[in-house]
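Numbered per this note's numbering, the sequence shown spans residues 51 to 415. Don't be surprised by glycine CBs; every beta carbon is placed ideally from N, CA and C. From a predicted model like this one, the values you see are computed outputs, not experimental measurements.
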Amino acid sequence: MTDDLARAYAGLCSAAEAAAAAGRPVIGIVGRDVPAMLITAAGAQPFRLSLAGEESDEAWAILGRAVDRAAAVVLTAVLSGSLDFLRALLLTHDSEASVRLFYTLQELHRRGRIRIPVHLVDQVHLDRPSTLRYNVTQLSALWDRLEEWTGAGITTGSLEASLAEHARVRRVLAGLRAARRAPAAVSGVTMLHSYAVAAGQAPAETVALLTAARPTASPERRLELFVTGSAPIGDSVYRILEGTGAVVVGEDHDWGDPILSDLLPERIRPDRDGVLEDLALSRLRGAPASASSSMAARAQATGEGIRASGARALLSIVRSHDEAPLWDWRHQKAHAGVPAVQVRGAEAGDPAALAAAVESLRAAS
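Below you can see the structure in the form of structure tokens.
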């Protein structure tokens, strides 16, 4: 049930550490651009970091204060040694903060300050032939690194098995997404947990857990929210919002519904370049992200998400030093078709500010 899902979400890091202790290589991921299917095909477990917690003074001193808090949270965890069970850590070029974090970790590893090797998966988000060729080259380098780290070859058979496993997870997630849309029978918190669990543990375990997360209809009418802006750190923001009587029925940040827009290949092609091209295209043609897409594309995607989810209001939550979503906001409001409010900066995680935003939207809807 959903209690089991919440416990699995809270215990993702411990479960990944246990998998590593049992002899399964665990590859950490920061960002949405890494094809988890490739990691599974290499005999490893993908573990996308959804860390919630505080940042250390050391992390801030290394990164500087003018960076999104998400990078400092990850760096704090790495410096503490709590992620030393990872075989390697993959970071993506999805934001300035992620890139700065990568170069910081790379230098710390070179100096021997941290044990975990790091690698940048640089996927450019322009749908043109030259970009596709570049992205395929980047994924080819990732393929080689995964084989090096795991000691296992990626074969047609392992790719087919991995595709089947991840496709099953996607089907279950799609069913839960359909159930959470207005009138919502699955809470936003439950859906957020589902996406995180699917990205943080083995596919077979994920399917069993998510299948048991049965929808339970709510008798009262609540304010259906569509959330945009900064990708959340942990689940506290969703808990605050739904504690006010709202329900999050959709979102366009990278820890939510856009995950399902990155379509898996229909089949495994017989050649390596063909496989990598399909994986590159799956992300390239997925839902646009703030830091790597045009304002027009973001606004269109937000409007489509609002209509598909049945949301009655749009709420943008933007952390300090995560500037990309701020550029989208004027265009998103124009395409929303529903009341819209933005909470930003120091108030982005403040319960009183979030509650006031929900009340404002409720009065306007």
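Assigned secondary structure, residue i (DSSP; H/G/I helix, E/B strand, else coil)
i: T206; result: helix
i: R220; result: helix
i: P96; result: strand
i: E215; result: helix
i: Q156; result: helix
i: E105; result: coil
i: T294; result: coil
i: P375; result: helix
i: P269; result: At P269, the pLDDT of 48 sits below 50, so the modelled position is not reliable; the number obtained from the coordinates is stated separately. Residue state, collapsed to three classes: coil.
i: E316; result: coil
i: S344; result: coil
i: V84; result: coil
i: E173; result: Reading the sequence as shown, one finds Gln at residue 173 and not Glu. DSSP places Q173 in coil when its eight states are reduced to three.
i: A70; result: helix
When the options are compared against residue i, the one with the closest alpha-carbon
i: H371; options: S311, R357, S280, I290; result: S280
i: R115; options: L129, L151, E255; result: L151
i: E197; options: L331, I89, S410; result: I89
i: G250; options: W193, D53, S64, T52; result: S64
i: L209; options: V186, E301, A94; result: A94
i: L133; options: T154, V76, E157, Q156; result: V76
i: R412; options: E108, V174, G295, L62; result: G295
i: E67; options: A262, Q188, G355, A252; result: A252
i: A109; options: A263, R163, A56; result: R163
i: G238; options: P167, E215, R272; result: R272
8 Å Cβ cutoff met for residue i and residue j
i: E274; j: A414; result: no
i: R231; j: S359; result: yes
i: R220; j: T142; result: no
i: S244; j: L213; result: no
i: S135; j: A70; result: Checking the displayed sequence, the identity of residue 135 turns out to be Phe instead of Ser. The answer is yes: Cβ separation under 8 Å.
i: V277; j: A234; result: no
i: E327; j: V186; result: yes
Nearest-angstrom beta carbon gap, residue j and residue i [assumed within contact, 8 Å]
i: T240; j: A248; result: Not confirmed; about 13 Å, so no contact.
i: V171; j: V117; result: About 20 Å; that fails the 8 Å criterion.
request  = Taking 8 Å as the threshold, find out whether the segment 94-101 comes into contact with the segment 115-135 through three or more Cβ pairs.
outcome  = Segments in contact, yes.
inquiry  = For the structure I just gave you, are there three or more beta carbon pairs, one from the segment 284-299 and one from the segment 375-392, closer than 8 Å?
reply    = Verdict: no, contact absent.
ask   = Pairing CB atoms from the segment 337-346 with CB atoms from the segment 298-313, are three or more of them under 8 Å?
value = They touch, by the three-pair rule.
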